[in-house]
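Take a look at the structure set out below.
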Amino acid sequence: MAIIKLKIYVANLTNVMGLFDKIQVWRSETGISGMYFEITGNALAGATLLGTQTGPFTLNGLTIKYKLDSGDEKTYTFVSTDPIGIDDVVLQLNNELTGITASEDVGRLRLTSDTTGTASILEITDGTALTELGFSAGDMDYGEDERIDLQTGVTEYLYDDLSGDPDNFYKVRYFNSSTLAVSSFGDPVKGDIGSVVAPTDLVKGFGTLAGLDGKPVVGRSIFFYNVFMPPLLVGDIGIVGREVSVETDQAGYFETMMVKGATVDVVITGLGITRQITIPDTDFNVLTEMAAAEDGFTIQTPDIPAAVRRS
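Following our numbering, the residues of the sequence shown are numbered contiguously, the last one being 1180.
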């Protein structure tokens, strides 16, 4: 799994926006002519799987094994008085599972991940309760990102598929959220590899720079230098890159993804400011972290005892 970056160009923007207001992104995991499925939707959504069987169920002592967001396999064992109705199954799972919400759908069991977007992945891997509930080993679903808003004057749109693969193909089409009308699909393309590190091991660093007059500082480079060159291990991946750089946009804003736990020197060009920070576990304002860090260039005065006078 990798982060796949797409650049979407809109030709004849005025004409397009006269008919549509959104962009849909579709993905194929089986080649250029494979089956495409939409990875965007009306709103951010979690991965969801729906069983095919209706209750009451016989589940006492049976198991369901699953993976959430590409994490380790987990096993849940049902403890129940059989037969058990769907409402009691939902109640039991919601009391005992974390990261997954159970619900009833026309008498069937629906499992939905609490995380959202394409980084959200729910997979049923095995278990003795699958036949009873109507699941199969290998059932998998991805969450959805919100469809991309078309914007006046903007002809280039960037999109990140957080659960992609370098071999995936993508198609896009326009969508009218009021009439549900759609355009024809564009040509299938591959995206660029953004990251092979799992999205759960990455966080976003961001910030905004402005001048004393309050106007945005545009085109200013911010560098993040990896302090410890022996690899930081994330799973079985060694992080050995020397630097990451980003520039402020027309609003003075910048953002970039980085690996949790890495220690970096942050340099803002033209300011003579350098601070060392450790990348936190959640998205963070780079300037806030820099403000809290010690100044590595503060003059250090060693505490050296005076020599004993002997004359």
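Just so it is clear, CB atoms sit at the ideal spot from N, CA and C, and this is done for glycine as well.
Since the model is a prediction, treat every value here as computed from it, not as a measurement.
* Asked: Going by the CB atoms, is the gap between residue 981 and residue 1031 shorter than 8 angstroms?
  -> Looking up residue 1031 in the sequence shown gives position 162. Looking up residue 981 in the sequence shown gives position 112. Their beta carbons are not under 8 angstroms apart, which means residue 1031 does not touch residue 981 by this criterion.
* Asked: Between which two residues does the beta strand (DSSP E) containing residue 893 stretch?
  -> Sequence index remark: in the sequence shown, residue 893 carries index 24 (1-based). Where residue 893 is concerned, the enclosing beta strand (DSSP E) stretches over 891–897.
* In DSSP terms, what residue 1036 is bridged to -> What you label residue 1036 is simply residue 167 of the sequence shown in a count that begins at 1. Its beta-bridge partners do not exist; DSSP assigns none.
* Asked: Helix, strand or coil: how does DSSP classify residue 884 here?
  -> Here residue 884 refers to the residue found at position 15 when the sequence shown is read from its first residue. Helix at residue 884.
* Could you check where the alpha helix (DSSP H) with residue 959 kicks off and where it finishes? -> Within the sequence shown, residue 959 is the residue found at index 90, counting from 1. Residue 959 -> alpha helix (DSSP H) spans 955–965.
* Three-state class that DSSP yields for residue 1159 in the structure shown -> Working through the sequence shown from its first residue, we reach residue 1159 at position 290. In the structure shown, residue 1159 sits in a helix (DSSP, three-state: H, G or I).
* Look at the alpha carbon of residue 1078 and the alpha carbon of residue 1020, and state the distance between them as a whole number of angstroms. => As a position in the sequence shown, residue 1078 is number 209, starting the count at 1. As a position in the sequence shown, residue 1020 is number 151, starting the count at 1. Looking at the two C-alpha atoms, the distance is approximately 24 angstroms.
* Specify, as a first and last residue, the run of the beta strand (DSSP E) that residue 992 falls within. => Sequence index remark: in the sequence shown, residue 992 carries index 123 (1-based). That run of the beta strand (DSSP E) goes 990–995.
* To do: Pick helix, strand or coil for residue 1000, following the three-state DSSP scheme.
  => The count along the sequence shown starts at 1 and reaches residue 1000 at position 131. Note: residue 1000 maps to helix in three-state DSSP.
* Close beta carbons around residue 1169, own chain, < 8 angstroms, minus the five adjacent residues each side -> Taking the first residue of the sequence shown as 1, we reach residue 1169 at position 300. Since pLDDT at residue 1169 reaches only 42, below the 50 mark, its modelled position is unreliable, and the value read off the structure follows with that caveat. Counting only Cβ-Cβ distances below 8 angstroms, and skipping sequence neighbours, we find nothing.
* From 1036, 944, 1161, residue whose alpha carbon lies closest to that of residue 1145 -> Translated into positions along the sequence shown, residue 1145 becomes position 276. Cα-wise, what sits closest to residue 1145 is 1161.
* residue 898 and residue 1034 closer than 8 angstroms at C-beta -> The count along the sequence shown starts at 1 and reaches residue 898 at position 29. The count along the sequence shown starts at 1 and reaches residue 1034 at position 165. Going by C-beta atoms, residue 898 is nearer than 8 angstroms to residue 1034.
* Asked: Would the beta-carbon of residue 1044 fall within 8 angstroms of that of residue 1016?
  -> Position 175 of the sequence shown holds residue 1044. Position 147 of the sequence shown holds residue 1016. In contact: residue 1044 and residue 1016 (Cβ atoms closer than 8 angstroms).
* Residue from 960, 1148, 938 whose Cα sits closest to the Cα of residue 947 -> Along the sequence shown, read from residue 1 onward, the residue named residue 947 stands at position 78. Among 960, 1148, 938, the Cα nearest to that of residue 947 belongs to 960.
* To do: Would you tell me roughly how many angstroms separate the C-alpha atoms of residue 1005 and residue 917, rounded to the nearest one?
  => Looking up residue 1005 in the sequence shown gives position 136. Looking up residue 917 in the sequence shown gives position 48. Using only the alpha carbons, I get a separation of about 14 angstroms.
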